[in-house]
Amino acid sequence: MKNALRFLLLISAFAATATAAPQLGIQSWTCRNMSFEETVLFAEKHGITQIEFYRAHLDPNGTEAETARKLAFLKEHGVTAYSIGVSGTSLNKEENRKLFEFAQRCGIKVIVVEPGDPLIWDNLEELVREYDIKLAVHNHGTGTTYGNPSVVKHILAERDPRIGVCLDIGWVTAAGFDAATVLKNYGDRVFDMHLKDKRLDQEERPGRPMGTHIGLGNSNYVGVFEALRASDWSGVMALETDNPDFAADPTEFVTRGKAYFESFFPPATKN
């Protein structure tokens with residue numbers, strides 16, 4: 001009852017105050033069973049104009065002709081590739097340079113990464129300074145390199161301020177952390193977010209979180225949205241699911257996720 005009342009009060013407060021708000025996007029991993037073109041059309045159909053692409057849809061190693069064709073298709077349909085990731089990285093700086101060159105060509109402002117070797121950060125930081133393109137480290141669950149926010153904060157403290165976080169809300173919850181607290185502790189270093197939810201009470205999957213519809217899992221979305229409202233954060237929250245059943249046809253997942261998001265952040269009224 002208390003949570004329901006808090007939810008209603010929060011929605012009322014959001015509707016009463018017009019300030020900066022997050023944008024709704026989609027991570028193309030959600031559409032992993034679709035082609036690039038199908039993914040763009042799917043986003044357009046659902047009124048989503050911001051896509052974070054994973055490699056199978058927009059490949060930094062693709063040919064110039066392929067990239068040009070895809071950029072033209074995006075422009076034709078009013079959709080933006082705002083980010084790519086999670087992108088592979090290397091100890092070889094020149095290999096990583098290709099990633100930044102690609103992002104620059106596509107007008108991408110944030111590259112999401114999850115370096116497997118801590119030594120990679122040195123050359124990535126040099127490239128961030130050279131290209132003035134942000135990097136956002138992505139988190140997965142317990143036992144992964146960046147699953148503990150304190151580890152991520154330690155990395156950020158030593159790096160260029162253009163190196164920040166892609167906060168995966170579902171996975172940080174699955175790792176045992178309160179997403180709203182983590183968000184606030186990161187301060188202004190959150191550049192991107194994955195709008196994902198996980199249920200942790202699955203009897204048939206003990207210890208293995210199950211992807212569910214946004215707002216039906218254990219993620220503290222009320223707290224997250226309160227924190228975003230207080231900070232006037234205006235980045236992109238990308239709908240994403242790891243659930244293969246949802247990915248088989250993501251229509252319901254995206255429709256419900258968008259409705260949940262817009263219950264907190266109603267779209268601007270067009271005159």
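Under the UniProt record's numbering, think of the first position of the sequence shown as 1, with each following residue one higher.
Even glycine gets a Cβ: it sits at the ideal position worked out from N, Cα and C.
Where the beta strand (DSSP E) through residue i begins and ends
| i | result |
| --- | --- |
| residue 134 | 134 to 138 |
| residue 212 | 210 to 212 |
| residue 25 | 23 to 27 |
| residue 239 | 236 to 239 |
| residue 194 | 190 to 195 |
| residue 86 | 80 to 87 |
| residue 108 | Looking at the DSSP string, residue 108 is not in any beta strand (DSSP E), and its letter there is neither H nor E. |
| residue 52 | 50 to 53 |
Distance, residue j Cα to residue i Cα
| i | j | result |
| --- | --- | --- |
| residue 117 | residue 166 | 18 Å |
| residue 168 | residue 149 | 11 Å |
| residue 246 | residue 172 | 20 Å |
| residue 18 | residue 267 | Caution is warranted here: a pLDDT of 47 is assigned to residue 18, below 50, making its placement in the model unreliable, and no coordinate value can be reported. |
| residue 254 | residue 215 | 12 Å |
| residue 56 | residue 120 | 23 Å |
| residue 175 | residue 130 | 34 Å |
| residue 231 | residue 181 | 13 Å |
| residue 16 | residue 159 | The pLDDT assigned to residue 16 is 48, lower than 50, so where the model puts this residue is not dependable; a value taken from the coordinates is nonetheless given after this. Rounded to whole angstroms, residue 16 to residue 159 spans 39 Å at the Cα level. |
| residue 341 | residue 248 | This structure does not reach residue 341, given that the chain is present from 1 up to 271, and the question cannot be answered. |
| residue 260 | residue 242 | 18 Å |
| residue 257 | residue 213 | 7 Å |
| residue 208 | residue 54 | 24 Å |
| residue 262 | residue 92 | 43 Å |
| residue 78 | residue 141 | 34 Å |
| residue 2 | residue 228 | A caution first: residue 2 carries a pLDDT of 49, below 50, which makes its placement in the model too unreliable to give a value. |
| residue 34 | residue 40 | 10 Å |
| residue 189 | residue 113 | 14 Å |
| residue 235 | residue 63 | 30 Å |
| residue 76 | residue 69 | 11 Å |
| residue 170 | residue 201 | 14 Å |
| residue 43 | residue 151 | 34 Å |
| residue 61 | residue 233 | 32 Å |
| residue 27 | residue 101 | 21 Å |
| residue 271 | residue 126 | Below a pLDDT of 50, predicted positions are generally treated as unreliable, and residue 271, at 49, falls in that range; the measurement from the model is reported next regardless. Cα to Cα, residue 271 sits roughly 45 Å from residue 126. |
| residue 122 | residue 187 | 23 Å |
Beta-carbon gap between residue i and residue j smaller than 8 Å
| i | j | result |
| --- | --- | --- |
| residue 111 | residue 82 | no |
| residue 85 | residue 52 | yes |
| residue 65 | residue 265 | no |
| residue 156 | residue 164 | yes |
| residue 199 | residue 218 | yes |
| residue 225 | residue 136 | no |
| residue 87 | residue 71 | no |
| residue 47 | residue 237 | no |
| residue 31 | residue 250 | yes |
| residue 144 | residue 115 | no |
The alpha helix (DSSP H) enclosing residue i, as first and last residue numbers
| i | result |
| --- | --- |
| residue 124 | 120 to 131 |
| residue 245 | 244 to 248 |
| residue 43 | 36 to 45 |
| residue 169 | 169 to 174 |
| residue 223 | 221 to 231 |
| residue 252 | 251 to 264 |
| residue 149 | 149 to 157 |
| residue 56 | Here residue 56 belongs to no alpha helix (DSSP H), and DSSP marks it neither H nor E. |
| residue 67 | 64 to 76 |
| residue 185 | 179 to 186 |
Identity of the residue in the options nearest residue i by Cα
| i | options | result |
| --- | --- | --- |
| residue 23 | 158, 49 and 255 | 49 |
| residue 103 | 215, 78, 122 and 132 | 132 |
| residue 95 | 67, 74 and 124 | 124 |
| residue 193 | 72, 230 and 179 | 179 |
| residue 59 | 153, 175, 142 and 105 | 105 |
| residue 210 | 220, 222, 196 and 221 | 196 |
| residue 139 | 119, 177 and 158 | 177 |
| residue 223 | 201, 234, 183 and 235 | 183 |
Supposed close pair residue i, residue j - CB separation, criterion 8 Å
| i | j | result |
| --- | --- | --- |
| residue 252 | residue 29 | Wrong, their Cβ atoms sit about 17 Å apart, outside the cutoff. |
| residue 162 | residue 128 | 5 Å |
| residue 185 | residue 153 | 7 Å |
| residue 80 | residue 74 | 7 Å |
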